[in-house]
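Student: What follows is a single structure, and I will ask about it in a moment.
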Amino acid sequence: MSAISSALKTAPLLAGLLLAGATTASAVEPLDDTSAIVTIGGSVTEIVYALGAGDAVIGRDTTSTYPPEALALPDIGYMRQLSPEGILSVNPSAIISIEGAGPPETMEVMEKADVDLAFVPEDYSRDGIIEKVTTIGKLLGREDQAQTLADEIAAELDPVLAKNAARDPEETKSAIFILSLRGGKVMGSGTGTAANGVIEAAGLENAFGDFAGYKTLSDEAVIEAAPDVILLMDGAAGNHVPKNEDIASQPALALTPAGEAMAIYRIDPVGMMNFGPRFGENLSKLTAEIYGD
């Protein structure tokens, strides 16, 4: 029997994935057996450990790289390219997955298997982080610990968000997030992404904000966006992440205010873009770097 929690605001990509037994986060029931858990999604794994249940985790997906002890566990595959065999190979009693993992066919097989399967809602916002924590706390039967963690997250995050929200509009900077520069073309973030969530939380305006998801943009579109700030993942995210010299040598980027000033800032893909417990700490640092406060 599965305990599936869906988002209060379900992402379109998951529309066909959540099955008939799905419930809202407010109706989540504790998992029947949490003795051997597979966690899917970096923020899910981090929260499970933060709630003191790390000893029960027996497998994790490729995106789950924090805390360091999670790296010693079997890797069951990339969260969007999972196979039933990979998940079941570690013989879990329960699976806690971030919403959007898949493919749907794999999750349908897991639904029919003799193992509890729970989805945790994903929303790239302050409330989304709190919702993850409280949902996982309910699934693990650790609601008191989850409330404590949620309170700690809010205490660190809320003052930064309030300061950014109160910033003078004339001082607000525009930003673009660059996922890659494959073929010399900018692949940037529009709305509905973790990158856009970071941009908004940092008190910035998304200069590419008129399309959804990630998109390869023309040089003309990049120049027209005229960002004050360029955001990138840090080098730990892999070789596809552009270096500063790549930005400087890309003709369109070099003509933007951000490119001319080399106003380039790096984001921790695990500590920040996962929208987990360390988001507030990373947001505070990023905001201070960009705005100097």
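Using mature numbering (1 follows the signal peptide of the UniProt record, and there is no 0), the letters of the sequence shown map in sequence onto residues -27 to -1, 1 to 266.
Backbone N, C-alpha and C fix where the C-beta goes; we use that ideal spot for every residue, glycine too.
Quick caveat, the model's predicted, so the values are computed rather than measured.
1) Kindly indicate which residue of Gly32, Gly157, Ser56 has the alpha-carbon position closest to the one of Ala227.
2) So Gly163 and Asp183 are supposed to be a Cβ contact under 8 Å. How far apart are they, rounded?
3) For residue 280, which residues from the same chain have a beta carbon less than 7 Å from its beta carbon, with the 5 sequence-adjacent residues on both sides left out?
4) Using CA coordinates, which residue listed in Gly244, Ser153, Leu112 is at the minimum distance from Val214?
5) Based on Cα-Cα distance, which residue from Asn169, Ala45, Val159, Leu112 lies nearest to Ala221?
6) Asn179 to Thr166, Cα distance in whole Å?
7) What does a CB cutoff of less than 8 Å around Leu122 pick up in its chain, not counting 5 residues either side in sequence?
8) Check whether chain D comes within 7 Å of Ile149, counting only Cβ atoms and requiring the distance to be less than that.
9) Could you check the C-alpha separation between Asp28 and Ala91 for me, to the nearest Å?
10) Would you call the CB atoms of Ala26 and Met52 closer than 7 Å?
11) DSSP beta-bridge partners for Phe150?
12) Can you tell me the Cα-Cα spacing of Asn247 and Ala128, whole angstroms?
13) Determine the DSSP secondary structure at Ala67, reduced to helix, strand or coil.
14) In chain order, what residues of the same chain have a beta carbon less than 8 Å from the beta carbon of Gln118, not counting five sequence neighbours either side?
15) Quick check on DSSP: helix, strand or coil for Lys158?
16) So which of Thr79, Ile10, Leu205, Arg99 has the shortest CA-CA distance to Ala43?
Tutor: Judging by the given coordinates:
1) For Ala227, the nearest C-alpha among the options comes from Gly157.
2) Right, their Cβ atoms sit about 7 Å apart.
3) With the chain represented from -27 up to 266, any question about residue 280 goes unanswered, as that position is not in the structure.
4) Ser153
5) Val159
6) 11 Å
7) Ile20, Ala23, Leu24, Val106, Gly110, Pro250
8) No chain D appears in the structure shown, which is made up of a single protein chain.
9) 19 Å
10) In this structure, the beta-carbon distance from Ala26 to Met52 does not fall below 7 Å.
11) Leu204
12) 19 Å
13) strand
14) Leu24, Gly25, Gly110, listed in sequence order.
15) coil
16) Ile10
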